[in-house]
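Just below is one structure, and these are the notes that go with it.
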Amino acid sequence: MTKATEEYGADSIQVLEGLEPVRKRPGMYIGSTDERGLHHLVWEIVDNSIDEAMAGHCDTIIISLGKDGSCTVEDNGRGIPVAKHAKTGKSTLETILTVLHAGWKFGWGWYKVSGGLHGVGSSVVNALSTKMEAWVHRDGKIHYQSFSQGITDGDIQVIGKTDKTGTIIKFHPDASIFKISTEFDYKTIVNRLRQQAYLTKGIKLNIIDERTEKRYKFYFEWGVKSYVHFLNKNEDTLGDIFYAEKERNEILVELSLQYNKWYSNNIITFVNNIHTPEGGSHMTGFRTALTRTINKYARDKGILKEKDQNLTNDDVIEGLTCVISIKVVDPQFEGQTKGKLGTPEARWAVDGVFAEKFLEFLEEDPRTAKQVIEKVFLAAKARLAARAARDTVIRKGALEGMTLPGKLADCSSKDPVKSELYIVEGDSAGWSAKQGRDRETQAILPLRGKILNTEQARIDKIFANNEVKNLIIALGTSIWESFDLSKLRYHRIVIMTDADVDGAHIRTLLLTFFFRYLKEVIEAGHLYIAQPPLYKLTKGKKSWYVYNEEEKEKIISEFDITGENIQRYKGLGEMNPEQLWETTMDPEERKMYKVWIDDAKAADEIFKILMGADVPPRKRFIQTRAKDVENLDV
Ligand code: 1YM
16 MTKATEEYGA DSIQVLEGLE PVRKRPGMYI GSTDERGLHH LVWEIVDNSI DEAMAGHCDT
76 IIISLGKDGS CTVEDNGRGI PVAKHAKTGK STLETILTVL HAGWKFGWGW YKVSGGLHGV
136 GSSVVNALST KMEAWVHRDG KIHYQSFSQG ITDGDIQVIG KTDKTGTIIK FHPDASIFKI
196 STEFDYKTIV NRLRQQAYLT KGIKLNIIDE RTEKRYKFYF EWGVKSYVHF LNKNEDTLGD
256 IFYAEKERNE ILVELSLQYN KWYSNNIITF VNNIHTPEGG SHMTGFRTAL TRTINKYARD
316 KGILKEKDQN LTNDDVIEGL TCVISIKVVD PQFEGQTKGK LGTPEARWAV DGVFAEKFLE
376 FLEEDPRTAK QVIEKVFLAA KARLAARAAR DTVIRKGALE GMTLPGKLAD CSSKDPVKSE
436 LYIVEGDSAG WSAKQGRDRE TQAILPLRGK ILNTEQARID KIFANNEVKN LIIALGTSIW
496 ESFDLSKLRY HRIVIMTDAD VDGAHIRTLL LTFFFRYLKE VIEAGHLYIA QPPLYKLTKG
556 KKSWYVYNEE EKEKIISEFD ITGENIQRYK GLGEMNPEQL WETTMDPEER KMYKVWIDDA
616 KAADEIFKIL MGADVPPRKR FIQTRAKDVE NLDV
């Protein structure tokens with residue numbers, strides 16, 4: 016990595032705008048003024064220290080959360096320059112802290128992409144703080160300056176001598192801006208800094224929470240290799256961790272990977288320490304190089320015969336944990352949330368570096384290579400078997416030309432936007448739901464018993480199962496190639512199961528099924544989970560439905576309710592139609608969770624653990640989670 020620019024004189028800073036716009040429209044600069052925006056202030060300041068570390072001038076950063084609500088960031092870099100700026104007559108420090116966008120347009124560290132989402136620098140933090148103080152150790156002196164709401168309290172002054180160099184910035188977020196909360200969250204900070212520590216090899220990050228006396232230190236000698244090790248720490252891994260770091264065409268590529276026995280993959284990509292959740296050119300370069308390299312290796316070794324088809328990209332990423340981190344000058348971000356790298360050169364840099372080093376790795380570590388090859392061949396075999404079973408299902412026309420299932424009590428509205436489908440556990444709850452519903456907009460599909468365990472059954476069996484078939488026909492979308500989201504008959508699909516272990520099981524089965532076969536429905540935000548009450552409490556003429564234990568205890572103690580006035584709903588079937596409507600189905604009153612991919616993904620993973628063929632992960636899961644189970648009905 017070469018640094019594009021030479022030493023910075025104070026004169027290279029140009030004066031742009033003042034800070035009033037930041038206080039007027041903070042959301043424009045930090046995204047929001049909720050907790051996320053609040054923590055953005057910390058990232059802004061820490062990012063500057065991390066930039067200094069990436070430039071090779073700093074190895075220790077200390078972040079302290081003060082009892083007075085302040086945050087202090089200290090680094091042992093060169094210290095922000097303090098010399099007077101020829102044009103403004105102000106010090107560089109003051110310019111950096113009081114002028115919007117000062118600095119980053121001037122080649123100030125070519126790796127700098129104005130870290131994070133909005134990347135606006137220290138002046139924004141200053142503008143949004145009631146007070147900010149800066150101490151700069153530089154040229155043997157300690158320089159100090161303080162600010163209130165972004166305005167200087169006085170000129171920069173020398174307050175002592177020092178033999179160190181570095182910058183200390185302390186700020187108090189302004190409660191008139193951050194109305195929800197100005198309290199920093201220790202865990203949020205620890206998690207973000209852990210990631211930064213992995214991405215900045217060799218840096219020491221210390222977090223001190225003076226409010227609670229908690230402390231955390233991060234130091235990862237092996238950078239992203241340590242990250243992969245961390246991500247795979249609970250997995251059955253296959254072979255050693257691959258690691259490479261190399262520059263190509265002025266792009267620094269750092270990459271590490273390791274396979275484990277699972278089916279899902281976890282590939283995390285970064286550009287200049289910024290997470291790129293939507294991937295982009297660096298991801299593309301990696302994927303194509305991985306597929307090509309493994310195919311080449313398998314063919315060279317005669318494992319893949321001439322007549323055999325190539326392994327696909329899906330085959331080679333099954334069970335893969337991988338972290339890709341690149342550093343590039345002036346990256347181009349694309350996509351809705353700017354989370355995708357555009358820069359085309361990144362593709363060839365990652366492809367080139369990875370392909371070369373990974374082939375070497377496979378050649379030099381035959382034990383790991385053997386395990387990797389076995390894994391990807393297994394994935395290919397499963398893919399071919401699934402394809403064959405799927406063709407059988409389609410050929411038999413199992414899902415076509417069917418009329419709506421008899422068990423479905425459809426709604427009268429034909430407008431999907433207004434229509435809801437309640438998937439209900441059991442016939443008795445199904446009856447109550449049918450009686451209690453709003454017939455205009457709410458359809459009810461009762462499920463008898465459990466839907467098939469999609470984890471262990473073969474695909475043709477899954478689709479021969481009546482409950483599954485009914486569900487797909489009711490939804491109207493079909494699946495696989497013929498899937499069509501625009502044919503979805505209900506824009507709200509609500510899973511309504513009992514608040515007990517069996518209910519949770521059925522919910523998990525359904526979530527897993529949606530995740531595996533109808534992912535687009537979840538992604539489009541159509542899947543919900545109903546929240547039936549756990550108890551009904553009565554006192555005289557008054558009654559309360561309560562949805563969790565905490566609420567129950569509160570009301571019991573507040574209204575002095577005795578045992579006989581506490582009704583526990585073990586199942587939906589115990590509620591009469593009116594009660595079910597009032598508590599769980601009435602759009603005005605009900606509580607529901609919207610399901611996101613994270614939930615469904617977690618359900619899928621848990622399902623694999625609990626229902627899959629492997630025993631050890633299940634045992635481990637039960638041992639570690641047993642204490643979390645609250646309501647174990649047996
Ligand atoms: C606690 C926050 O901001 N550290 C920091 C910032 C700078 C430097 C060193 C620095 C950079 C350069 C030269 C350079 C900044 N300098 C500037 C600017 N910690 C924190 N540490 N000398 C010192 O990039 O060439 C902006 S930030 F623009 F003045 F050079």
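The sequence shown runs contiguously to residue 649 in the working numbering. From the three backbone atoms N, C-alpha and C, an ideal C-beta is built for every residue, glycine too. None of the values given here were measured: they were computed from a predicted structure.
LYS176 is classed as exposed because its beta carbon has fewer than 16 other beta carbons within 10 Å across all chains shown. Short note on VAL139: C-beta not closer than 6 angstroms to any heavy atom of ligand 1.
In the three-state reduction of the DSSP assignment, ILE581 falls in the strand class, which pools E and B.
ASP224: member of the beta strand (DSSP E) spanning 219 to 224, first to last residue.
In the three-state reduction of the DSSP assignment, TYR505 falls in the coil class, being assigned neither a helical nor a strand state. Beta bridge pairing from DSSP links MET147 with PHE162 and PHE186. Cβ atoms of THR336 and ASN249 stay farther apart than 8 angstroms, at about 11 angstroms. Rounded to whole angstroms, the separation of the alpha carbons of PHE376 and SER434 is 55 angstroms. Remark: the shortest separation between the CB of GLU67 and any heavy atom of ligand 1 falls under 6 angstroms. Apart from the 5 residues on each side of it in sequence, ARG398 sits with its Cβ closer than 8 angstroms to the Cβ of THR327, ASP329 and ASP330 in its chain, given in chain order. Within 10 angstroms of the beta-carbon of ARG382 lie fewer than 16 other beta-carbons, which makes it exposed. Rounded to whole angstroms, the separation of the alpha carbons of ILE309 and LYS316 is 11 angstroms.
In the structure shown, TYR44 falls within a helical segment according to DSSP collapsed to helix, strand and coil. Note that the segment 63 to 80 touches the segment 220 to 227; at least 3 beta-carbon pairs, one per stretch, sit closer than 8 angstroms. A straight line joining the alpha-carbon of ILE256 with that of TYR274 spans about 8 angstroms. Between the segment 32 to 41 and the segment 154 to 170 there are three or more inter-stretch CB-CB distances shorter than 8 angstroms, so the stretches are counted as touching. Sequence-distant Cβ neighbours of TYR213 in its own chain, meaning closer than 7 angstroms and more than five residues away, are PHE235, GLY238, VAL239, SER241 and TYR242. At a cut-off of 6 angstroms, the beta-carbon of VAL88 counts as near ligand 1: some heavy atom of the ligand is closer than that. Taking TRP277 as the centre and dropping the five residues before and after it, the same chain places the C-beta of GLY334 closer than 6 angstroms to its C-beta, in chain order. Beta-bridge partners of TYR608 (DSSP): ILE544. Minimum Cα-Cα distance from VAL561 among the listed residues LEU549, GLU349, LYS554 and GLY555 corresponds to LEU549.
Pairing LEU393 with LEU423 gives a Cβ-Cβ distance that is not under 7 angstroms. For SER64, the CB falls within less than 6 angstroms of some heavy atom of ligand 1. For PHE186 against CYS73, the beta-carbon gap comes to about 19 angstroms, at or over 8 angstroms, which does not count as contact. Put simply, the backbone Cα of GLU260 is about 21 angstroms away from that of PRO292. In the DSSP assignment, GLN594 falls within the unbroken alpha helix (DSSP H) covering 592 to 595. The continuous alpha helix (DSSP H) containing ILE477 extends over residues 474 to 477. Not one heavy atom of ligand 1 lies closer than 6 angstroms to the C-beta of GLY295. Note on PRO346: 16 or more other CB atoms within 10 angstroms of its CB, so buried under the neighbour-count rule. Our two residues, GLU597 and SER271, have alpha carbons roughly 54 angstroms apart in a direct line. Secondary structure at TRP559: strand, using DSSP grouped into helix, strand and coil. Contact between the segment 603 to 612 and the segment 575 to 592 is absent, with fewer than three C-beta pairs closer than 8 angstroms. One alpha carbon belongs to ARG402, the other to GLU496, and they sit about 12 angstroms apart.
Taking C-beta separations shorter than 6 angstroms and ignoring five residues to either side along the sequence, the partners of LEU305 in its chain run VAL331, following chain order.
Of the candidates TYR258, LYS342 and ASN480, the residue whose Cα lies closest to the Cα of LEU374 is TYR258. GLY181 places its beta carbon less than 7 angstroms from that of GLY92.
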